[in-house]
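Visitor:
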Amino acid sequence: MLTQPQLQRFAHESGIRSLEIVEKEVVLTYFLQLLSERGFLADMAFKGGTCIRKTWLGSIGRFSTDVDFTATRKEKSADDSVMQLAEMTAEPFHSIQFEIDMGDKGWYEADDGVSWGVLPNYRHDLGNGVLKLQVSNRETPTLTPDTRAQLEISYFKLLPFAPADLSCLRIEEILAEKIRATYQRNKPRDVWDLDNFADRPFYEPLIRKLVIIKLWQVRDSFSPERWNVKLAEAKAWDWGDLRQLVRGGVSDPGQMLARCSKRFAFLAEMTADEAALAADPYHRKPDIHQKLVAECNALALEHRLT
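Going from the sequence shown to our numbering is simple: count from 1 and add 190.
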């Protein structure tokens, strides 16, 4: 584990006031390495805000305190996975002791079985804390996952290992899940993540199809009008949590939301099949779902955001 002066130097470089957040960023890097080296990630695709920071934005990305994955096969139960994690964390990893509480407070599984998570405890010479790991097994990835290197961060040269390459959802699929998240919950960090890709040349029809598929999978419909209302209302959300995760705080939320509204206006330009699936929360049109999934995979071969 890094020393206190090394953490303080990284905090100063990053423009983050909270040493606790900076420390968790480093501990997450150790934790991901443990998961990679000990085989847990063999059946997982990394995703979410931490994945965006680690593999797309690097030092300009927002900090995070959790890790999210999609299971790439459904055969493995939550019980088996949590037991595997407990075994993997039994021994210290480069002077950090991770621990999985096998009791009710240490892990959970959603009532419908579509996701599960653990709250790994950790301790090292400078203190202790808790991380959050969540796995979705509602659906396997729509697109073939990518293997991506972790972008260099200044403290990487101080680590006793070379950070592992990670199997990740395709960025187009991550962005579609971020749009779904913005559509369904009120977290400014989702908007911030989307805004960081507002000036990138991704292929719009692929993103739109993925968004509709993602909402269909959770039995929700997609309405461009509802999307626009969410963005209009988002200025009133609590942006305080995000400010502590971003270098120099957060720029004007209004400008950020305006950029996202303009950049993602193409979500309203649905084809007949897309509109039909967007209005099918009861899964009466699985044939259209399968057709759009096939179209997404064909488009993903032709168009790739780099």
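All C-beta atoms in this analysis are idealised placements derived from N, C-alpha and C, irrespective of residue type, glycine included.
Per DSSP, which one or two residues make a beta bridge with VAL257?
Guide: In the sequence shown, residue 257 corresponds to position 67, counting from 1. Beta-bridge pairing links VAL257 to LEU323.
Visitor: Please identify the residue among SER344, TYR298, LYS322 whose C-alpha is closest to the C-alpha of ASP270.
Guide: On the sequence shown, position 80 is the one that residue 270 refers to. For the residues SER344, TYR298, LYS322, the minimum Cα distance to ASP270 belongs to TYR298.
Visitor: Between the beta-carbon of ASN311 and the beta-carbon of ASP294, is there less than 8 Å?
Guide: Residue mapping note: residue 311 aligns to position 121 of the sequence shown, counting from 1. Residue mapping note: residue 294 aligns to position 104 of the sequence shown, counting from 1. No, the Cβ-Cβ distance between ASN311 and ASP294 is not below 8 Å.
Visitor: Does the beta-carbon of LEU223 have 16 or more other beta-carbons within 10 angstroms, so that it is buried, or is it exposed?
Guide: By one-based count along the sequence shown, residue 223 stands at place 33. The amino acid occupying residue 223 in the given sequence is Gln; Leu does not appear at that position. By the 10 Å Cβ count, GLN223 comes out buried.
Visitor: So, is LEU491 buried or exposed, given that buried needs 16 or more other C-beta atoms within 10 angstroms?
Guide: The sequence position of residue 491 within the sequence shown is 301, counting from 1. Under this definition LEU491 is an exposed residue.
Visitor: Output the boundary residues of the alpha helix (DSSP H) element that contains GLU464.
Guide: In the sequence shown, counting from the first residue as 1, residue 464 sits at position 274. Start and end: 462–468.
Visitor: Please identify the residue among ARG453, ARG409, LEU400, ARG207 whose C-alpha is closest to the C-alpha of LEU421.
Guide: Counting from 1 along the sequence shown, the entry for residue 421 is found at position 231. The residue with the shortest Cα to Cα distance from LEU421 is ARG453.
Visitor: Taking the beta carbon of PHE456 as the centre, do at least 16 other beta carbons fall within 10 Å, making it buried, or is it exposed?
Guide: In the sequence shown, counting from the first residue as 1, residue 456 sits at position 266. Exposed.
Visitor: Please classify GLU329: does DSSP put it in a helix, a strand, or coil?
Guide: Within the sequence shown, the letter at position 139 stands for residue 329. Coil at GLU329, not helix or strand.
Visitor: Within the present structure, is the beta-carbon of ASP270 separated from the nearest heavy atom of the ligand ATP by less than 7 Å?
Guide: With respect to the ligand ATP, the structure shown offers nothing to examine, as it has no ligands at all.
Visitor: So PHE236 is in the beta strand (DSSP E); what residue range does that whole segment cover?
Guide: Reading the sequence shown from its first residue, position 46 is the one you call residue 236. First-last of the beta strand (DSSP E) with PHE236: 234–237.
Visitor: Let's see if you can read the secondary structure: which residues bound the beta strand (DSSP E) around PHE479?
Guide: Counting from 1 along the sequence shown, the entry for residue 479 is found at position 289. Note on residue identity: the sequence assigns His, not Phe, to residue 479. From DSSP, HIS479 is part of no beta strand (DSSP E) but of the alpha helix (DSSP H) over 476–492.
Visitor: Tell me the residue span of the beta strand (DSSP E) that contains SER305.
Guide: By 1-based counting over the sequence shown, the position of residue 305 is 115. Unbroken beta strand (DSSP E) run through SER305: 305–308.
Visitor: ASN311 by DSSP, collapsed to three states: which one?
Guide: Taking the first residue of the sequence shown as 1, we reach residue 311 at position 121. In the structure shown, ASN311 sits in a strand (DSSP, three-state: E or B).
Visitor: So which of LYS425, THR245, LEU341, GLY238 has the shortest CA-CA distance to VAL325?
Guide: Position 135 of the sequence shown, counting from 1, holds the residue named residue 325. Ranking the options by Cα distance to VAL325, first place goes to GLY238.
Visitor: Is GLY307 buried or exposed, if buried means 16 or more other CB atoms sit within 10 Å of its CB?
Guide: Position 117 of the sequence shown, counted from the first residue, corresponds to residue 307. That one is buried.
Visitor: First and last residue of the alpha helix (DSSP H) that includes SER285?
Guide: The residue labelled residue 285 in the question sits at position 95 within the sequence shown. Segment: none, SER285 is in no alpha helix (DSSP H) and carries neither H nor E.
Visitor: On the DSSP bridge assignment, give the partners of LEU356 in chain order.
Guide: If you number the sequence shown from 1, residue 356 lands on position 166. In the DSSP output, where bridge partners are listed per residue, LEU356 has ARG338.
Visitor: Going by the CB atoms, is the gap between PHE230 and PHE288 shorter than 8 Å?
Guide: The count along the sequence shown starts at 1 and reaches residue 288 at position 98. The count along the sequence shown starts at 1 and reaches residue 230 at position 40. Against a cut-off of 8 Å, the Cβ pair of PHE230 and PHE288 comes out as no contact.
Visitor: What does the Cβ neighbour count give for LYS347, buried or exposed, with the cut at 16 atoms within 10 Å?
Guide: Position 157 of the sequence shown holds residue 347. Exposed, since its Cβ has fewer than 16 Cβ neighbours within 10 Å.
Visitor: So what's TYR373 in DSSP terms, helix, strand or just coil?
Guide: Walking along the sequence shown from the start, residue 373 turns up at place 183. Three-state DSSP puts TYR373 in a helix.
Visitor: Measuring alpha carbon to alpha carbon, tell me which residue in ARG494, ASP301, GLU342 is nearest TYR393.
Guide: In the sequence shown, counting from the first residue as 1, residue 393 sits at position 203. Taking only the C-alpha atoms, the option nearest TYR393 is ARG494.
Visitor: How many Å lie between CYS358 and THR337 at the Cα?
Guide: Taking the first residue of the sequence shown as position 1, residue 358 is located at position 168. Taking the first residue of the sequence shown as position 1, residue 337 is located at position 147. The alpha-carbon atoms of CYS358 and THR337 are separated by roughly 6 Å.
Visitor: List, from N- to C-terminal side, the alpha helix (DSSP H) runs of 4 residues or more that fit wholly inside the region 418–459.
Guide: Qualifying alpha helix (DSSP H) stretches, in chain order: 430–433, 443–453.
Visitor: For GLY248, name the three-state secondary structure that DSSP assigns.
Guide: Reading the sequence shown from its first residue, position 58 is the one you call residue 248. Correct three-state label for GLY248: helix.
Visitor: Put GLU215 into one of helix, strand or coil per three-state DSSP.
Guide: Locating residue 215 in the sequence shown gives position 25, where the first residue counts as 1. It is helical.
Visitor: Within 10 angstroms of its Cβ, does TYR373 collect 16 or more other Cβ (buried), or is it exposed?
Guide: For the purposes of this step, residue 373 is taken as residue 183 along the sequence shown, with counting starting at 1. Buried.
Visitor: Does DSSP classify GLU362 as helix, strand or coil?
Guide: As a working note, residue 362 is residue 172 in the sequence shown. Three-state result, GLU362: helix.
Visitor: Grab the span of the alpha helix (DSSP H) containing ALA394 for me, first residue to last.
Guide: Stepping through the sequence shown from its first residue, residue 394 is reached at position 204. It is Glu, not Ala, that sits at residue 394 in the sequence shown. Residues 394–407.
Visitor: Considering GLU203, what are the terminal residues of the alpha helix (DSSP H) in which it resides?
Guide: As a working mapping, residue 203 is identified with position 13 in the sequence shown. Taken as a continuous stretch (DSSP letters only), the alpha helix (DSSP H) holding GLU203 covers 194–204.
Visitor: What residue does the alpha helix (DSSP H) around GLU277 start on, and which one ends it?
Guide: The count along the sequence shown starts at 1 and reaches residue 277 at position 87. That run of the alpha helix (DSSP H) goes 268–278.
Visitor: For ASP201 versus LEU192, is the C-beta spacing smaller than 8 Å?
Guide: As a working note, residue 201 is residue 11 in the sequence shown. As a working note, residue 192 is residue 2 in the sequence shown. In the sequence under discussion, the amino acid at residue 201 is Ala, which differs from the Asp named in the question. No, these two residues do not count as a Cβ contact at 8 Å.
Visitor: With LEU447 and ALA424 assumed to form a contact (beta carbons below 8 Å), what rounded beta-carbon distance in angstroms separates them?
Guide: Within the sequence shown, the letter at position 257 stands for residue 447. Within the sequence shown, the letter at position 234 stands for residue 424. So it is a contact: roughly 6 Å between Cβ atoms.
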